[in-house]
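One structure is given below, encoded as C-alpha cells.
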Amino acid sequence: MTLDFTGQVAVVTGAGGGLGRAHALALAARGAHVVVNDIGGSRDDASPDNTPAARVVAEISARGGSAVADYADVTDHTQVIAMIGRALTARDRIDILINNAGILRDASFRNATLDDFRTVVDVHLMGAVNCTKAVWEHMIAQRYGRILMTTSASGIYGNFGQANYGAAKSALVGLMNVLAIEGEPKGIRVNALAPLAATRMTESILDSAAAEALRPEAISPGALFLVSPDAPTKTVLGAGAGVFAVSEMREARGCFLPDDASTPEDIAAHWPQISDFSRLSSTDSTTAQIRNYVDMQKSEKHLGGEVSEIRLRIRDRD
Numbered sequence: 000m001t002l003d004f005t006g007q008v009a010v011v012t013g014a015g016g017g018l019g020r021a022h023a024l025a026l027a028a029r030g031a032h033v034v035v036n037d038i039g040g041s042r043d044d045a046s047p048d049n050t051p052a053a054r055v056v057a058e059i060s061a062r063g064g065s066a067v068a069d070y071a072d073v074t075d076h077t078q079v080i081a082m083i084g085r086a087l088t089a090r091d092r093i094d095i096l097i098n099n100a101g102i103l104r105d106a107s108f109r110n111a112t113l114d115d116f117r118t119v120v121d122v123h124l125m126g127a128v129n130c131t132k133a134v135w136e137h138m139i140a141q142r143y144g145r146i147l148m149t150t151s152a153s154g155i156y157g158n159f160g161q162a163n164y165g166a167a168k169s170a171l172v173g174l175m176n177v178l179a180i181e182g183e184p185k186g187i188r189v190n191a192l193a194p195l196a197a198t199r200m201t202e203s204i205l206d207s208a209a210a211e212a213l214r215p216e217a218i219s220p221g222a223l224f225l226v227s228p229d230a231p232t233k234t235v236l237g238a239g240a241g242v243f244a245v246s247e248m249r250e251a252r253g254c255f256l257p258d259d260a261s262t263p264e265d266i267a268a269h270w271p272q273i274s275d276f277s278r279l280s281s282t283d284s285t286t287a288q289i290r291n292y293v294d295m296q297k298s299e300k301h302l303g304g305e306v307s308e309i310r311l312r313i314r315d316r317d
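Encoded structure:
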C-alpha cells in the first residue's frame, strides 16, 4: 500500500525548520497541499522574521509540490482563526493538522521562572488547542480529519531541567486522549508523535554522530502514517534514529479492599497486587475505569473470597 495524500490539505505548524519542515516536505511529496506555518525568528525569539516558512515553500515548489506560507502565531487564537480561514478560502477543506510548533526554556525547576513556564505551556499546549479548535468544526462537517499532537519523552517519562516542557507535552497526551474519543464517531482520528530529533532547539546538546542518527527526516514517516486515512487513533508513537515504538499508559488489574480493611497500612500490605502489571485492566477512558472499579467491587463482595483473605491477613498481622 502506498500512502497518497493527493487532494488533501495539511496545516503544519512550526514548519519553518526541523521536524515541521521535514513533515511538510514529506506530505507535499505525496501530493498534499501544505500550509507551512511558522512565526519565524531565532531560537531565542530575538530576531523574528518571515523567511523560514517562505524557504520551505520554495523548497516544496522546486520539487513540484504545492504549498503556501503562513505566519500566524499559534498562541494567538485570532491569528489562528485567520490562518484556517485563508486555507479554507483557497482550498475549501482541511484534512490534516500537525501541531508541531514549540520552544524550549530549559532550567531546573528551582531556577525556572514562572514567566518561562507559562510561555512554554502557551506555545505547546495552547498553541495546539487554538489550532485544533479552529479546524474541529470543519473536520466534523466534512466527516474526516487527522490531527497529530507532538508530545515528547520528557512528558511521558520525564527529563531533568524540563518541568515546563514536560508538563506541556504530557498535557498534549491528555488532550489527544479526550479528542480521540470525541472525534472517532465523527471521522476524526487524533494521535501523538513523541520524536527524538536533532533540531534547531537541540543542536547545542547533541554531537555530530547523534545529530545524524536523529535527523528529522527519519521521523516524518511516522508522522505521515499517523495522519493517513488508515491511521489508528489515540496512539502515541515514539520515533527516532529509525526506531518506531508505541508508548502506552497502563493500569494494573489491582485488588479490592473493603471498607473495614482499607487503610494506608492495608495498601502497603497489598502493594505487590496493586502494582502487579502481569494482570492488566482494559481501561481506555474514565468511564471504563469507573465501570472496572465498580464491577470489581461487586464481584469481590459477591464472591467473598478476597474479602475473607484480606481479613485473615489483617488478623495474622495484628
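Sequential numbering of the sequence shown, starting at 0, is according to numbering that gives the first Met the number 0. Glycine included, each C-beta is placed from N, C-alpha and C at the ideal position.
Taking the beta strand (DSSP E) that I93 belongs to, which residues open and close that run?
Counting along the chain, I93 sits inside no beta strand (DSSP E), nor does DSSP assign it H or E at all.
Secondary structure, beta strand (DSSP E): runs of 3+ residues fully inside the stretch 58–132:
Those beta strand (DSSP E) runs which fall completely within the stretch 58–132 and span 3+ residues are 65–69, 95–98.
Secondary structure at I180, three-state DSSP: helix, strand or coil?
Secondary structure at I180: helix, using DSSP grouped into helix, strand and coil.
Would you mind stating whether A343 and S274 have Cβ atoms separated by less than 8 Å?
This structure gives no information on residue 343, because the portion of the chain shown stretches from 0 to 317.
Does the stretch 257–267 come within contact of the stretch 234–248, defined as at least 3 CB pairs closer than 8 Å?
The answer is no - the stretch 234–248 does not touch the stretch 257–267, with fewer than three Cβ pairs under 8 Å.
Which value, in whole angstroms, describes the spacing of the CA atoms of S60 and D72?
Between S60 and D72, the C-alpha separation is close to 24 Å.
Looking at the ligand FAD, does it come within less than 7 Å of F4, judged from the CB to the closest heavy atom?
Of the ligands one can find in the structure shown there are none, so the ligand FAD has no counterpart to examine.
Where T285 falls: helix, strand or coil (DSSP)
Reduced to three states, the DSSP call for T285 is helix.
Whole-angstrom C-beta distance between A167 and N99, which should lie under 8 Å
Their Cβ separation, rounded to whole angstroms, is 13 Å, which puts N99 and A167 out of contact at 8 Å.
Assuming L225 and L192 form a contact by the criterion Cβ under 8 Å, report the distance between their Cβ atoms to the nearest whole angstrom.
That pair is a contact at about 6 Å.
Per DSSP, what kind of secondary structure is F224 in: helix, strand or coil?
It is helical.
Where do the N-terminal and C-terminal ends of the beta strand (DSSP E) with H32 fall, by residue?
H32: member of the beta strand (DSSP E) spanning 32–36, first to last residue.
DSSP state of R188 mapped onto helix, strand, coil:
Here R188 sits in strand by DSSP.
Okay, do the stretch 108–122 and the stretch 157–172 touch, 3+ Cβ pairs below 8 Å being the bar?
The stretch 108–122 makes contact with the stretch 157–172, as at least three CB pairs between them are under 8 Å.
Can you list, in chain order, the residues of its chain with a C-beta nearer than 8 Å to that of D105? Leave out the 5 residues immediately preceding and following it.
G160, Q161, Y164.
With 16 other CB atoms within 10 Å as the buried threshold, where does P194 fall?
With 16 or more Cβ atoms within 10 Å of its Cβ, P194 is classed as buried.
Reducing DSSP to helix, strand and coil, say where P231 ends up.
Three-state DSSP puts P231 in coil, outside helix and strand.
Expected contact under 8 Å - CB spacing of E216 and A21 to nearest Å:
Taking a contact as a CB-CB distance under 8 Å, the pair E216 and A21 counts as one, their CB atoms being some 5 Å apart.
When DSSP labels each residue in this structure, what does L213 get in the three-state scheme?
Looking at L213 - three-state DSSP - the assignment turns out to be coil, as it is neither helix nor strand.
Using 8 Å as the cut-off, can you tell me whether the stretch 119–129 makes contact with the stretch 62–69, which would need three or more C-beta pairs spanning the two stretches below that distance?
They do not touch, by the three-pair rule.
Indicate the three-state DSSP secondary structure (helix, strand or coil) for L195 in the structure shown.
Of the three classes helix, strand and coil, the one that applies to L195 here is coil, per DSSP.
Going by CA-CA distance only, name the one from H76, R145, V120, K297 that's closest to P228.
Here the closest residue by C-alpha is R145.
Identify, in the order they occur along the chain, each residue of the same chain with its Cβ nearer than 7 Å to the Cβ of G186, setting aside the five sequence neighbours on each side.
So the list reads R142, Y143, G144, once near-sequence residues are dropped.
Just how far apart, CA to CA, sit P220 and I289?
Each residue's Cα considered, the two are about 37 Å apart.
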